[in-house]
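Worksheet: one structure, shown below.
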Amino acid sequence: MGYEILGLPMAYYIAMVLKVLVVFVFVLLTVAYATYAERKIIGHMQVRLGPMRTGWHGLLQPIADGLKLFFKEEIIPSQADKFAFLIAPVIALIPAFIGFAVIPFGETIEVGGYKIPLQIAAYYDTAAGKVVDLNVGVLYILALASVGVYGIVLAGWASNNKYSLLGGLRSAAQMVSYELAAGLAIVSVFMLSESLSLQKIVADQANGAWYAFKQPLAFILFCICSLAEINRTPFDLPEAETELVSGFCTEYSSMKYAMFFMAEYANMVTVCAVTTTLFLGGWHGPGFLPGWFWFIAKVYFLIFTCMWIRATYPRYRYDQLMRLGWKVFLPLTLLNIVVTGIIVSF
Amino acid sequence: METFFFMIVAAVAVLAGILVITCKNPINSALSLILTFFCLATLYVTLDAPFMAAIQVIVYAGAIMVLIVFVIMLLNVRTEAGRRSSHSVLFGSLIGLFGLFQLFYLLNRSSLTGQKGAMDSDLINKVGHTELIGKALYTDFLLPFEVTSILLLVAIIGAVILTKKKI
Numbered sequence: 001m002g003y004e005i006l007g008l009p010m011a012y013y014i015a016m017v018l019k020v021l022v023v024f025v026f027v028l029l030t031v032a033y034a035t036y037a038e039r040k041i042i043g044h045m046q047v048r049l050g051p052m053r054t055g056w057h058g059l060l061q062p063i064a065d066g067l068k069l070f071f072k073e074e075i076i077p078s079q080a081d082k083f084a085f086l087i088a089p090v091i092a093l094i095p096a097f098i099g100f101a102v103i104p105f106g107e108t109i110e111v112g113g114y115k116i117p118l119q120i121a122a123y124y125d126t127a128a129g130k131v132v133d134l135n136v137g138v139l140y141i142l143a144l145a146s147v148g149v150y151g152i153v154l155a156g157w158a159s160n161n162k163y164s165l166l167g168g169l170r171s172a173a174q175m176v177s178y179e180l181a182a183g184l185a186i187v188s189v190f191m192l193s194e195s196l197s198l199q200k201i202v203a204d205q206a207n208g209a210w211y212a213f214k215q216p217l218a219f220i221l222f223c224i225c226s227l228a229e230i231n232r233t234p235f236d237l238p239e240a241e242t243e244l245v246s247g248f249c250t251e252y253s254s255m256k257y258a259m260f261f262m263a264e265y266a267n268m269v270t271v272c273a274v275t276t277t278l279f280l281g282g283w284h285g286p287g288f289l290p291g292w293f294w295f296i297a298k299v300y301f302l303i304f305t306c307m308w309i310r311a312t313y314p315r316y317r318y319d320q321l322m323r324l325g326w327k328v329f330l331p332l333t334l335l336n337i338v339v340t341g342i343i344v345s346f
Numbered sequence: 001m002e003t004f005f006f007m008i009v010a011a012v013a014v015l016a017g018i019l020v021i022t023c024k025n026p027i028n029s030a031l032s033l034i035l036t037f038f039c040l041a042t043l044y045v046t047l048d049a050p051f052m053a054a055i056q057v058i059v060y061a062g063a064i065m066v067l068i069v070f071v072i073m074l075l076n077v078r079t080e081a082g083r084r085s086s087h088s089v090l091f092g093s094l095i096g097l098f099g100l101f102q103l104f105y106l107l108n109r110s111s112l113t114g115q116k117g118a119m120d121s122d123l124i125n126k127v128g129h130t131e132l133i134g135k136a137l138y139t140d141f142l143l144p145f146e147v148t149s150i151l152l153l154v155a156i157i158g159a160v161i162l163t164k165k166k167i
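Read top to bottom, the protein sequences are chains A and B.
Using our numbering, the first residue of the first sequence is number 1, and each one after it goes up by one.
Using our numbering, the first residue of the second sequence is number 1, and each one after it goes up by one.
So, in structure tokens, the structure goes:
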């Protein structure tokens, strides 16, 4: 363990790789079983059984789905733009997963004399006696969210299909408008925590009340805008089945379709994790269970809420969506910032 | 180590920059430009400026380029036909050569660094990069900041008036 790279002992790098592996595998499993949970939960809410045939109560359904998609024929439309068509699912998938790099999912644990924070892009500074993480963690997540839109836009354009193009255009407009409102909603959180570092935001909530209680309006607005940004019902216009025959992914088949599917669910998991960190106190909870347990419990509760919303609300119309974003949410977030500013300064 | 990293990022940035102007397909050009922005963001990170890096990606790659891609998609220009006139090639190369000459002149002058400001890397590490930018923007550069915001407001109102037939 005597080696040092860029001023940090080797053990930190080993720990980082291990954290990446564990988190990635866990998120992948969550994504796979979120598809199952969604079908099951919506099924029961609509007084159906959901998948029942593969395994006990359909528990092997995600594996069966994966195998089926894997062995399907790969079709690329002859008039499609090959390069953009191939790269679009990748662009959609990668930002959805790497957002987890900055999210703290547990307390600092001690292994073999080294203190290791349960956050991928962070290390324990022994000299300063605190955890050092990316000090613009929230902005990193916002940046990734803004990159994810390219996957959908490119897919829509490259397919050379009217419906796909419409889906892609809708998606671009929707994500750009709601990103703004979501970004402004969390500005009020920064004003309270006086930092962009997620560690600091979580620590602040442990000392005081959760930001969901201090900033209820920002919390609600952020949740709704996030739903719109990850294209979930009631804002799933880009892939509206009834009018656009699945929108941007009409022409996609086999594993490329599976990648869009995974990206959608991974985005949902990431957004729920971000909401937990920013508003629901992160990994803090009653002390008798470890921090990562509370973190996972909160994230899963939010995922369940997403599915609940999907089972409850019908889809918005495009003009309603735009009006809601620009004329209701944006002024409300600005008002929230002004009010928070006045309260903080007195 | 850091020089090696810089070399890789710079090579990708230059390559992507060349692709922006040589690609026949406008969408591929736009994608290359986004790649260039990412390389720039990476360079900002290596310069201890993570806030600038994040803003670079959010504003340029995330907002401006999405609009450009949006417009390209709506115009539905697949590949650019060869209707570029020789005049524009001539003028373009002249301006390019002039810029290149200026760049070499600047790089060959010995005093490139200029006056040293109050914010050095020690201060950045102590106070924080984001906090310093905020403080500078809202105290020393308050007037330019406000003037910029008014300029943007004017632009927004102008765009609304241009697109709306009946106000």
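Where is the CB? At the ideal position from N, CA and C, for every residue including glycine.
Please read these numbers as outputs of a predicted model, since none were measured by experiment.
In whole angstroms, give me the CA-to-CA distance for residue i and residue j.
| i | j | result |
| --- | --- | --- |
| Arg315(A) | Ile63(A) | 30 Å |
| Met16(A) | Thr270(A) | 19 Å |
| Ile58(B) | Phe100(A) | 18 Å |
| Gln61(A) | Tyr13(A) | 37 Å |
| Ile303(A) | Thr333(A) | 24 Å |
| Leu49(A) | Phe248(A) | 30 Å |
| Ile120(A) | Asp48(B) | 19 Å |
| Ile68(B) | Ala30(B) | 8 Å |
| Val153(A) | Phe37(B) | 18 Å |
| Leu15(B) | Met1(B) | 21 Å |
| Gly156(A) | Leu97(B) | 39 Å |
| Ile220(A) | Ile124(B) | 35 Å |
| Thr148(B) | Lys214(A) | 33 Å |
| Ala61(B) | Gly92(B) | 26 Å |
| Ala92(A) | Tyr105(B) | 43 Å |
| Asp133(A) | Pro104(A) | 9 Å |
| Gly207(A) | Pro331(A) | Here residue 207(A) turns out to be Asn, not Gly, going by the sequence shown. Roughly 31 Å between the two C-alpha positions. |
| Val136(A) | Phe301(A) | 27 Å |
| Ala80(A) | Glu131(B) | 47 Å |
| Ile18(B) | Asn108(B) | 24 Å |
| Ser254(A) | Phe70(A) | 6 Å |
| Ile161(B) | Ala155(B) | 10 Å |
| Val328(A) | Glu38(A) | 30 Å |
| Tyr36(A) | Cys306(A) | 14 Å |
| Cys39(B) | Leu151(B) | 30 Å |
Using a Cβ-Cβ distance under 9 Å, would residue i count as near chain B?
| i | result |
| --- | --- |
| Met1(A) | Residue placement at Met1(A) is poorly supported in this model, since its pLDDT is 44, which falls under 50; the coordinates still yield a value, given next. Chain B, which has no Cβ nearer than 9 Å to the Cβ of Met1(A), makes this no. |
| Ala155(A) | no |
| Gly168(A) | yes |
| Asn347(A) | Residue coverage of chain A in this structure runs from 1 to 346, which leaves residue 347(A) outside it and unanswerable. |
| Gly230(A) | What sits at residue 230(A) in the sequence shown is Ile, not Gly. Not one chain B Cβ lies under 9 Å of Ile230(A). |
| Tyr163(A) | no |
| Val146(A) | The question names Val, but residue 146(A) in the sequence shown is Ser. Chain B contact via Cβ: present. |
| Val271(A) | no |
| Ile103(A) | no |
| Asp319(A) | no |
Shorter than 9 Å from the beta carbon of residue i to some beta carbon of chain A?
| i | result |
| --- | --- |
| Val69(B) | yes |
| Phe51(B) | yes |
| Met73(B) | yes |
| Gly158(B) | no |
| Val66(B) | yes |
| Asn108(B) | no |
| Val14(B) | no |
| Thr168(B) | In the structure displayed, chain B extends from 1 to 167; residue 168(B) sits before or after that span and is not available. |
| Ala155(B) | no |
| Ile161(B) | no |
| Gly17(B) | no |
| Ile150(B) | no |
| Ala63(B) | yes |
Taking DSSP's pairing of strands, which residues face residue i in a bridge?
| i | result |
| --- | --- |
| Val132(A) | Tyr123(A) |
| Tyr114(A) | Val111(A) |
| Pro331(A) | None; Pro331(A) has no bridge partner. |
Of all the CB atoms in chain E, is at least one closer than 9 Å to the CB of residue i?
| i | result |
| --- | --- |
| Asp204(A) | Absent from the structure is chain E; the protein chains it does hold are A and B. |
Ranges of the alpha helix (DSSP H) found wholly within the segment 238-300 of chain A, counting only runs of at least 4 = 241-244 and 254-279
Of all the alpha helix (DSSP H) runs that stay within the bounds of the segment 11-95 of chain B, which reach a length of 4 or more residues?
-> 26-46, 50-55 and 65-75
Taking one C-beta from the segment 256-271 of chain A and one from the segment 31-46 of chain A each time, how about it: are there three or more such pairs within less than 8 Å?
-> The segment 256-271 of chain A is in contact with the segment 31-46 of chain A.
Inter-stretch contact at 8 Å, needing at least 3 Cβ pairs: the segment 278-288 of chain A / the segment 310-324 of chain A = The segment 310-324 of chain A and the segment 278-288 of chain A do not touch, with fewer than three beta-carbon pairs separated by less than 8 Å.
Flag this pair as touching only if the segment 307-314 of chain A and the segment 216-234 of chain A have three or more C-beta atom pairs under 8 Å; answer yes or no.
-> yes
Report yes or no: do the segment 178-185 of chain A and the segment 108-118 of chain A share at least 3 C-beta pairs separated by less than 8 Å?
-> Fewer than three pairs of CB atoms, one per stretch, sit closer than 8 Å, so the segment 178-185 of chain A makes no contact with the segment 108-118 of chain A.
Taking one C-beta from the segment 137-154 of chain A and one from the segment 87-104 of chain A each time, how about it: are there three or more such pairs within less than 8 Å?
-> yes
With a floor of 4 residues, list each alpha helix (DSSP H) that falls wholly inside the segment 6-63 of chain A, ordered by position along the chain.
-> Runs of the alpha helix (DSSP H) inside the segment 6-63 of chain A: 10-45.
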